[in-house]
Each structure stands twice: as structure tokens, then as C-alpha cells.
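Colleague: This structure is in C-alpha cells; I'll ask about it shortly.
Residue numbers (my numbering): 4 to 205.
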């Protein structure tokens, strides 16, 4: 049985969505986490080494970090069609999209949110405008971030961009292609089911 270590309205919410897309049985273990507003606290019941979410348990296996979990689930449940298999020509684009999310998108928007100047030169750091120009070009040419089919990568991208839509973070990078992409993804039945579960039962 899969178990998701989860805190409502956090990064782990995307993995409720991904698990709903897969359709396999799973359990939710709710934990508290430290929140940006100063609320919350580390939870001794959370096996994550830094007290963060998400973390996925699968029998004796424990997987954490968003990209690791997304790839683990896509590979474990190939029948769900949420990531190309090894040998599929689309595998490269899928892996690139996953790595680009954690290695470029998240750092770029964290820097913008924290109002930290992006270092250039040998740092190889990309700012959010440059990153979103790349993303928007992709979405103008194809319906999903890694190609013609929805994948586990879209759970990460669309899950994040849905939060950004009502904020100033996107600026003039909030294109029609991006808006259509987010709407297309978040209207999926699995995401609607996940949203209904994204709160700790009373």
C-alpha cells in the first residue's frame, strides 16, 4: 500500500493529484509542517529528514523530493500513462521537463518571491522571465509540457502555475497558451478529486 506523507495546501497536494491520476489504492498520513507565515511546527511523526512534505512510502521504500516521487510513480504504474517508458522516444523530453522544474523553475520563482537578485556568469542561474519564455514557447507548440500527452510533469508545472495565476509573479509571462494549459490540467477529474481530499478530516 502506498502512503503519502501530506500536509494540506502544500507541495504534497500535487501528489494527491498524481495518485488520483494513477488510480491505485493509497493512504494519507497527515503531518504538520513549518509554514511561511510562521505557523506550524516540525512533526515527530514525519519520516522526512527535514520535516518537509511530500514523502511517499511504498512498503519498505521511502521516496522524497518531488521529482523522485513523480518519476517513481510514473515508472511503477506504466499502465497509467503518466510517463514514457525507457526506450520510448518521448522519455528524454519527459525527464528533461522533470529536471527543469526542480533545477530551473522552482529556484527562479523562489528568487523572485524572495526578491533575491539572480547571479549570472558561472552560476548558470536563470531568472523567472527567461525560464517562462522557454515554457511559453513549449506550450505554444504543444498541449503539455513534455509533448502531446499529459504526464506526471504536468502535475508539477500546472500545480505551481495555478497558484501563480492570481499573483504578480508571472507578470507579462501570463500568456494565453499558459492560461489554457493550466485550465486544461486543473479541470481533470483526478485533480478535482484530489482537491476535495486536501484537508485533514475532523
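C-beta: ideal position from N, C-alpha, C; glycine also. Keep in mind that this is a model prediction, so the values were computed, not measured.
Could you check the C-alpha separation between residue 69 and residue 12 for me, to the nearest Å?
Modeller: When rounded, the distance between both Cα atoms is 15 Å.
Colleague: Does the region 56-76 come close enough to the region 15-35 to have 3 or more Cβ pairs within less than 8 Å?
Modeller: Yes, since at least three Cβ pairs between the region 56-76 and the region 15-35 fall closer than 8 Å, the two stretches touch.
Colleague: If you compare alpha carbons, which of 135, 90, 85 and 98 is closest to residue 108?
Modeller: When only C-alpha atoms are compared, the closest one is 135.
Colleague: For residue 164, is the classification buried or exposed, using 16 other Cβ atoms within 10 angstroms of its Cβ as the cut-off for buried?
Modeller: It counts as buried.
Colleague: If we count Cβ pairs, one from each stretch, closer than 8 Å, do we get three or more for the region 136-152 versus the region 83-101?
Modeller: Counting Cβ pairs under 8 Å, three or more are found: they touch.
Colleague: Between the C-alpha atoms of residue 130 and residue 171, what's the straight-line distance to the nearest angstrom?
Modeller: Looking at the two C-alpha atoms, the distance is approximately 15 Å.
Colleague: Express the C-alpha separation of residue 9 and residue 80 in angstroms, rounding to a whole number.
Modeller: In a straight line, the C-alpha of residue 80 is about 21 Å away from that of residue 9.
Colleague: For residue 47, which option in 56, 34 and 137 has the closest C-alpha, if you only look at C-alpha atoms?
Modeller: The option with the nearest alpha carbon to residue 47 is 34.
Colleague: Is the beta carbon of residue 60 sitting closer than 8 Å to the one on residue 36?
Modeller: Contact flag unset, no.
Colleague: What residue from 62, 24 and 183 has the CA that sits closest to residue 209's CA?
Modeller: Any property of residue 209 remains undetermined from this structure, which presents the chain solely from 4 to 205.
Colleague: Going by the beta-carbon positions, is the gap between residue 161 and residue 189 smaller than 8 Å?
Modeller: For residue 161 and residue 189, yes; Cβs fall inside 8 Å.
Colleague: Could you tell me which residues DSSP pairs with residue 64 in its beta bridges?
Modeller: According to DSSP, residue 64 bridges with 61.
Colleague: Taking residue 152 as the reference, which of 64, 184, 4 and 116 has the closest Cα?
Modeller: Minimum Cα distance to residue 152 is reached at 184.
Colleague: Taking only runs that begin and end inside the region 113-153, name each unbroken alpha helix (DSSP H) of 4 or more residues, in chain order.
Modeller: Fully enclosed alpha helix (DSSP H) runs of 4 or longer: 131-144.
Colleague: Can you say whether residue 31 is buried or exposed, counting buried as having 16 or more other CB atoms within 10 angstroms of its CB?
Modeller: That one is buried.
Colleague: How big is the Cα-Cα spacing for residue 122 and residue 128?
Modeller: Between residue 122 and residue 128, the C-alpha separation is close to 6 Å.
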